[in-house]
Amino acid sequence: MINPVLKKELKTRMRTWKTPAMISLYAILICSLFFIIFIESFVNSRYGVGFRPYSVRTMYIVITIFQMLLIIFIVPAITSSSICGERERRTFDMLVGTRLSSFSIVLGKLMASLAQIVLLLIVSIPILSIMFLFGGFSPGNIIMLFLFYLVTAIYFGSIGIFTSTFFRKTTTSTIMSYLISLFLVGGTIIITVIWAEFVRSNLYGSQRPASFYPLIMHFNPFSGLSSILLYQMGENIFGGLLYTNQKSVALLNLYINVGVSLTISFILLFLSSLKINPMNKFGNWNSGKKRKKKKTKIK
Amino acid sequence: MLRLENVTKNYGKFTAVNNLSLQIKEGEIFGFVGPNGAGKTTTLKMIATLLKPSYGKIYIDDFEITSNVKRVRGAMGYMPDFFGVYDNLKVNEYLEFYGDVAGLSHTERDKVIPDLLELVDLKHKEKAYVDSLSRGMKQRLCLARSLIHNPKLLILDEPASGMDPRARVQMKGILKELRRMGKTILISSHILPELSELCTNIGIIEHGKIIECGTVEEIMKKVTKTNVFKIKVLDSADKAERLLLEEPIISDVYVDENHIEFDYDGEEKSIIPIIRMLMNNDIPIISFNPIESNLEEIFMKVTKGEDE
Ligand SMILES: Nc1ncnc2c1ncn2[C@@H]1O[C@H](COP(=O)(O)OP(=O)(O)OP(=O)(O)O)[C@@H](O)[C@H]1O
Ligand SMILES: [Mg+2]
């Protein structure tokens, strides 16, 4: 049977203006980007108007990265209120007090958000498939990419759900989930750049390590994306910053990234389900330092 | 049916429920009364498996609740004191959702929802959005929600709070119907006169402790030592007063035109010879009845009334 939380969330979310607004905005952004690149590389090109396979590749890479950024930006917004929203609306007790397991509740919330992301991905299919016209792409490329987007959505969705169970207010939860996302995407790259500087300054002459890929980058979804793009387009989006001499398993970094994302997601979802379960074995965390109730009553 | 053994709940250093023991038998309607902050909600939440007791054990049907959470939740329906509803959800969908969540099959669910809507008189609102309902309607809907899996035990936290008199009467009617259906009900309320009519048993709680507990009659007896009786006569009130004052068990007589009130010691049946004596003396009695001190008075007497 379909998860009841998922079913209800889908019903209520589709009835708000937010979902169609989000989808439209998403489509508009992707389309605009597409046309900007199209005009830049085909029409305004100094080689004159015309088709060049190289530009199509650039277009694919830019749109892919852009879509990834959009997903990373949207997912915390739609997940970080999932549990605090229930608390704030005062429906929380009636939900956790049911026979549904805490993990099912958390999973239902995550799946509802994933469903919205899937919608966004479906909307972008026509745009991406324009590139099929130019050749050089297979549907397999897109499927692989979309599956990875989904993994990333699960990863960041779990972070949003986690913050929404550990913070009581939606605003705090949203801010925290964006901070964590920002760290995973930007922070890890900054650390890598500093680390690269450090490595270089400690080397004599112009020798360069055969492979440079700090572990922390495996927490960054762009690690997996760059692995996909390297595989599909032969292009390293990190340029000289990150490189490996790993040739035997072409998508090794993608596999590591997927593994890391799914493991962290599972841990976060599990912790969240423990947190919302009033009967969990580890006692009620921070039940002592809950805010004093302030309530007005009509009598 | 429900048993609490030395249940304590601490919030940090503050003790909200203090070593509370309680037993409720099948079919009882237990009224849980106490001033604000007495620990009613905390106790009910612990029974509803929404809070873990700091100490002590709670049993429902002899199952310890923290280790039989699923079973217990299936046997119990809980209605919180304050609650909200989801946006963009219709009344029938709301009940369907909670039916699904309770693990009902679609056929079971679709069979009970019309009955529940009938019971709480919301049939005409079936297709309305829940957030558009009035407060009283939401409360009735929430009651229907807590009944969706046909629980034997109902835990209702101030189900009539914030309702207007008409809605309260309606809620009381629903609760009576549930009593007829044989549900065991634990109901907390501050509307005491309503409880006396509805409940079989009463527990009075203050500062996290039960200070009085028993059947409604027992509680009344415990708290009021003398009984008050009221008669109405057509005339000869003065003569009646004189006659009454001669009786040894009567301590006080108040006369207000044709209404006579008197206090007497002893059991209820000791009033019989007094009435016979008045009749023999040609006092034209047109009505007589005992005055039951209501729960409100008892409550005020028993609790010290400090609002923590
Ligand atoms: N989460 C909490 N953290 C700290 N103290 C709490 C918490 N919940 C309740 N309390 C305290 O516990 C005491 C009992 O509260 P409770 O809500 O059980 O009272 P109540 O009898 O239901 O009162 P009311 O008639 O106002 O509903 C109060 O003093 C309250 O301040
Ligand atoms: Mg209360």
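Chains as they are written, first to last, in the numbering used here: chain A, 1 to 299; chain B, 1001 to 1308. Cβ coordinates follow ideal geometry from the N, Cα and C atoms, glycine included. A quick note: this is a predicted structure, and the numbers were derived from the prediction, not measured.
Expected contact under 8 Å - CB spacing of residue i and residue j to nearest Å
i          : j          : result
Ile1174(B) : Leu1119(B) : 6 Å
Ser226(A)  : Ile237(A)  : 5 Å
Ile1202(B) : Gly1031(B) : 5 Å
Ser109(A)  : Glu235(A)  : Contrary to the premise, residue 109(A) reads as Lys rather than Ser in this sequence. About 37 Å separates the two Cβ atoms, so there is no contact after all.
Pro1159(B) : Ala1075(B) : The Cβ separation is near 19 Å, so there is no contact.
Lys1057(B) : Glu1064(B) : 6 Å
Ile1286(B) : Lys1230(B) : Contact doesn't hold; Cβ gap of about 12 Å is too wide.
Val123(A)  : Ala210(A)  : About 43 Å separates the two Cβ atoms, so there is no contact after all.
Leu1380(B) : Val1072(B) : Because residue 1380(B) is not part of the residues shown, which for chain B are 1001 to 1308, the question remains open.
Lys11(A)   : Leu1133(B) : The pair is not a contact, with the Cβ atoms about 18 Å apart (cut-off 8 Å).
Met59(A)   : Lys1052(B) : That belief does not hold up - the Cβ atoms of Met59(A) and Lys1052(B) are roughly 57 Å apart, past 8 Å.
Ser173(A)  : Ser164(A)  : 4 Å
Met111(A)  : Asn3(A)    : 6 Å
Met131(A)  : Val56(A)   : 6 Å
Ile161(A)  : Thr263(A)  : Rounded, the Cβ-Cβ distance is 16 Å, inconsistent with contact.
Limits of the unbroken beta strand (DSSP E) element including residue i
i          : result
Ser1188(B) : 1184 to 1189
Lys1138(B) : Run containing Lys1138(B): none in the beta strand (DSSP E); it sits in the alpha helix (DSSP H), 1135 to 1146.
Thr1200(B) : Unbroken run through Thr1200(B): none, as it is neither H nor E.
Thr16(A)   : Segment: none, Thr16(A) is in no beta strand (DSSP E) and carries neither H nor E.
Val1017(B) : 1014 to 1024
Met1076(B) : 1076 to 1079
Ile190(A)  : Looking at the DSSP string, Ile190(A) is not in any beta strand (DSSP E); the run it does join, the alpha helix (DSSP H), is 188 to 201.
Ser1251(B) : 1250 to 1256
Lys1209(B) : 1209 to 1215
Ile1260(B) : 1259 to 1264
Ile1029(B) : 1029 to 1033
Distance cut-off 7 Å: residue i Cβ against heavy atoms of ligand 2
i          : result
Thr1041(B) : yes
Glu1158(B) : yes
Extent of the continuous alpha helix (DSSP H) to which residue i belongs
i          : result
Asp1100(B) : 1091 to 1101
Thr174(A)  : 170 to 182
Asp1115(B) : 1106 to 1119
Arg1003(B) : Here Arg1003(B) belongs to no alpha helix (DSSP H); instead the beta strand (DSSP E) covers 1002 to 1011.
Phe156(A)  : 139 to 166
Asp1238(B) : 1237 to 1246
Met1163(B) : Where Met1163(B) is concerned, there is no enclosing alpha helix (DSSP H), given that its DSSP letter is neither H nor E.
Ala115(A)  : 102 to 133
Ile1271(B) : 1271 to 1280
Leu1122(B) : Taken as a continuous stretch (DSSP letters only), Leu1122(B) belongs to no alpha helix (DSSP H), as it is neither H nor E.
Ser82(A)   : 82 to 89
Leu221(A)  : Looking at the sequence shown, residue 221(A) is not Leu but Pro. It spans 221 to 233 - the alpha helix (DSSP H) in which Pro221(A) sits, taken as one unbroken run.
Thr1042(B) : 1040 to 1047
Residue i CB to nearest heavy atom of ligand 1 below 7 Å
i          : result
Asn1036(B) : yes
Asp1081(B) : yes
Ala1016(B) : yes
Tyr1059(B) : no
Tyr1011(B) : yes
His1320(B) : It is not possible to answer for residue 1320(B), since the shown part of chain B is limited to 1001 through 1308.
His1106(B) : no
His1190(B) : yes
Which residues DSSP lists as bridging residue i, in chain order
i          : result
Pro1290(B) : Phe1229(B)
Leu1153(B) : Met1076(B), Thr1184(B)
Tyr255(A)  : According to DSSP, Tyr255(A) bridges with nothing at all.
Glu1064(B) : Tyr1059(B)
Glu1206(B) : Lys1209(B)
Ile1285(B) : Val1233(B)
Phe1082(B) : DSSP lists no partner for Phe1082(B).
Tyr243(A)  : Phe212(A)
Tyr1129(B) : Lys1090(B)
Cutoff 8 Å: residue i Cβ touching any chain E Cβ
i          : result
Phe1082(B) : No chain E appears in the structure shown, which is made up of the protein chains A and B.
Near ligand 3: residue i beta-carbon under 7 Å from a heavy atom
i          : result
Ile1271(B) : Ligand 3 is not part of this structure, which contains only ligand 1 and ligand 2.
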